[in-house]
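In this note's numbering, the protein residues as written are 24 to 713. See structure below.
Following this line, the structure appears as structure tokens:
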């Protein structure tokens with residue numbers, strides 16, 4: 024029955040399958056299997072009867088097994104029985120329907136007479152209970168141990184929120200066994216944004232992640248858990264606090280009492296609280312109680328700067344930063360035009376959280392969809408004809424999403440740099456933006472780098488005002504001034520952005536498109552998501568990475584071309600070792616194939632060293648697959664500031680390196696510039712590695 028339940032969970036997990044289709048599959052699959060098994064049963068029993076063994080206990084047992092096999096879905100025939108089974112197994116966490124303060128009137132058609140009447144229905148939304156979900160997650164094999172090791176790891180640089188000032192001085196995270204929760208809130212249009220139902224079926228989603236998970240696990244969308252789903256119109260009618268209140272009540276229990284976890288490595292109580300709420304600027308201002316207009320007098324949730332000052336500000340004003348005291352004073356003033364604060368937030372009732380400590384910023388919207396898009400002018404010919412290579416081709420920037428803008432920004436100097444004079448001030452502005460982005464998007468940052476970032480941003484904003492005196496700095500320019508201090512408090516900004524959370528929306532958009540069920544759309548979305556999560560629990564894929572190995576061929580180490588050059592990376596392997604050479608492999612979500620450049624290390628002078636993948640080797644050792652990359656080393660000639668890229672040239676040296684030993688796992692690509700008589704290849708990095 025467990026195997027049949029896993030099959031059904033997989034069918035339900037597929038967002039493209041409606042439950043009606045699944046019931047159809049169950050019915051006809053059961054009939055097909057029953058016919059086949061009964062036919063085999065009849066022939067087998069007839070044979071035993073001819074041999075005179077039809078009354079033996081073993082034959083009776085076999086007859087019963089045939090009967091059971093003829094009904095594979097027994098006990099799981101209906102939706103109700105399936106959900107009951109999933110719930111009893113502990114893998115399906117039932118969504119809870121929460122009732123909002125008022126009612127709405129909907130049209131209901133009588134199926135007999137066809138007449139339509141208005142019916143009052145309660146406004147509701149769906150919430151996922153935190154406690155049973157957290158217990159289930161933390162009791163997964165080795166998960167809690169991995170979280171605690173990552174959380175307590177000593178580092179010489181800022182790599183996660185635990186390395187920042189906020190967690191080091193936090194009364195809960197710095198003392199007890201505790202896990203910080205990162206909440207995300209955003210609206211999502213679930214239907215065609217150009218259709219007639221736009222905004223009618225717009226939903227708000229609250230997700231959360233366990234910030235103690237290592238970054239490689241957090242990159243998986245399955246580590247982004249649903250907390251609540253509500254109609255955007257209901258949030259406008261009743262306020263977002265009405266949605267948050269039951270969530271906050273449960274969070275208070277998690278702060279005070281925690282949950283009891285019993286694993287092989289740990290038995291005891293684990294406590295939780297909110298470390299930050301993240302999202303786009305509009306969503307954050309709404310959930311934290313700040314003004315939702317960015318044309319008002321006070322648009323920043325981190326400081327109380329006036330709009331007139333903001334438009335020419337090039338340095339962070341420390342005296343204007345918000346804190347709990349100014350927050351209370353602004354609430355008493357009760358004048359959003361003078362303070363930028365509309366109301367208190369229900370989140371402030373938590374013991375270890377206050378909105379003025381919520382200094383998270385979203386570099387996706389601020390930079391990629393804000394400052395970067397504002398300052399870059401596109402040259403269509405160069406953009407459409409540029410050689411993006413393997414690693415950036417999927418994000419080729421034609422319609423300018425955030426990912427495409429990131430691709431465009433870091434490759435733009437190679438596209439048009441040869442056409443720009445070296446003394447161009449406008450070009451210098453772009454280079455200053457790219458210099459700041461190298462640090463802003465880095466997954467690890469030093470304190471010295473944050474101070475350098477402050478200077479770069481100041482120079483960038485000052486040059487912008489000099490070049491465009493008829494324009495002013497926008498709010499997103501201003502938010503950049505706070506970035507260095509936010510990094511010092513919370514660690515790298517790339518771990519706080521909206522990109523991965525917005526990727527989670529894709530599942531719900533597909534559900535909406537495939538089911539077309541809008542009678543209780545919040546319930547549909549919540550149940551579909553929990554079924555998907557249930558399947559992940561059942562098959563053991565939640566919070567894990569499966570290495571995908573592509574097609575290829577098998578050979579022996581002695582037959583490998585250039586074996587003598589890579590012996591140092593294959594020490595201990597005899598010449599008759601069998602190797603599998605695939606066309607590609609996917610490790611922790613990153614795909615490697617021949618022709619891709621990878622970041623190997625830094626040399627003694629601080630220059631990055633790159634290698635071109637020639638061959639991929641898969642070795643089976645001690646029951647696990649080890650993946651080695653055979654790379655051709657490239658010599659780094661130096662950094663070309665005008666093209667904002669490193670000049671590189673190939674060497675004849677080969678190297679075998681374990682894929683886990685790469686300094687950075689993001690694939691790179693070497694391209695030629697458009698300069699005449701320049702045969703040098705160039706590699707542009709998206710961020711600096713510290």
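No residue lacks a Cβ here, since even glycine has one placed at the ideal position from N, Cα and C. Remember, it's a predicted structure, so these values are computed and weren't measured experimentally.
Query	Result
Burial state of residue 150, where buried means 16 or more other Cβ atoms lie within 10 Å	buried
Cut-off 7 angstroms between Cβ atoms - residues of its own chain near residue 401, not counting five sequence neighbours on either side	Note that residue 401 scores a pLDDT of 34, beneath 50, so its modelled location is shaky; the value from the coordinates is reported in the next line. Once the five neighbours on either side are set aside, residue 401 has no close Cβ partner at all.
Segment limits, alpha helix (DSSP H) that includes residue 449	448-463
C-beta atoms of residue 231 and residue 206 nearer than 7 angstroms	yes
Span of the beta strand (DSSP E) around residue 239	That residue, residue 239, is in no beta strand (DSSP E); its alpha helix (DSSP H) goes 238-241.
Rounded straight-line distance, which links the Cα of residue 191 to that of residue 405	In this predicted model, residue 405 has a pLDDT of only 42, less than 50, meaning its place in the structure is not dependable; the value taken from the coordinates is given anyway. Rounded to the nearest angstrom, the two C-alpha atoms are 48 angstroms apart.
Extent of the continuous beta strand (DSSP E) to which residue 212 belongs	201-212
Residue 575 (DSSP reduced to helix, strand or coil)	strand
Buried or exposed (CB count within 10 angstroms, at least 16 for buried), residue 258	buried
Inter-stretch contact (C-beta, 8 angstroms, three-pair minimum) for the stretch 264-278 and the stretch 536-543	no
Nearest neighbour of residue 496, chosen from 88, 318 and 30 [CA to CA]	318
Beta-carbon proximity check, residue 184 vs residue 234, cutoff 7 angstroms	yes
From 328, 64, 656 and 379, residue whose alpha carbon lies closest to that of residue 85	64
Distance, residue 109 Cα to residue 607 Cα	37 angstroms
Sheet register partners of residue 120 (DSSP bridge)	149
Classification of residue 756 by the beta-carbon crowding that lies within 10 angstroms, buried from 16 upward	Residue 756 falls outside the range modelled here, since the chain spans only 24 to 713, and no answer is possible.
CB of residue 295 within 7 angstroms of CB of residue 167, strictly	no
Assigned secondary structure, residue 345 (DSSP; H/G/I helix, E/B strand, else coil)	coil
Among 395, 507 and 433, the one whose alpha carbon lies nearest that of residue 341	507
Through-space distance from residue 485 to residue 711, alpha-carbon basis	24 angstroms
First and last residue of the uninterrupted alpha helix (DSSP H) at residue 189	188-191
Distance, residue 498 Cα to residue 391 Cα	14 angstroms
Nearest candidate by alpha-carbon position, reference residue 687, set 698, 250, 314 and 625	625
Contact check, residue 630 vs residue 672, beta carbons under 7 angstroms	no
Under 7 angstroms between C-beta atoms of residue 326 and residue 307	no
Alpha helix (DSSP H) segment containing residue 714, residue limits	Only positions 24 to 713 of the chain appear in this structure, which leaves residue 714 out of reach.
Local conformation of residue 689 per DSSP, three classes	strand
Under 7 angstroms between C-beta atoms of residue 120 and residue 147	yes
Three-pair Cβ contact test at 8 angstroms for the stretch 90-100 versus the stretch 45-65	yes
Within the stretch 507-576, ranges of the alpha helix (DSSP H) (whole runs, at least 4 residues)	522-538 and 544-562
Start-to-end residues for the alpha helix (DSSP H) that takes in residue 86	80-92
Distance, residue 591 Cα to residue 482 Cα	47 angstroms
Assigned secondary structure, residue 110 (DSSP; H/G/I helix, E/B strand, else coil)	helix
Beta-carbon contacts of residue 122 that lie in its chain and below 8 angstroms, excluding the five residues immediately before and after	145, 146 and 147
Of the residues 115, 668, 311 and 609, the one placed nearest residue 652, counting alpha carbons only	609
Euclidean distance between Cα positions of residue 195 and residue 383	19 angstroms
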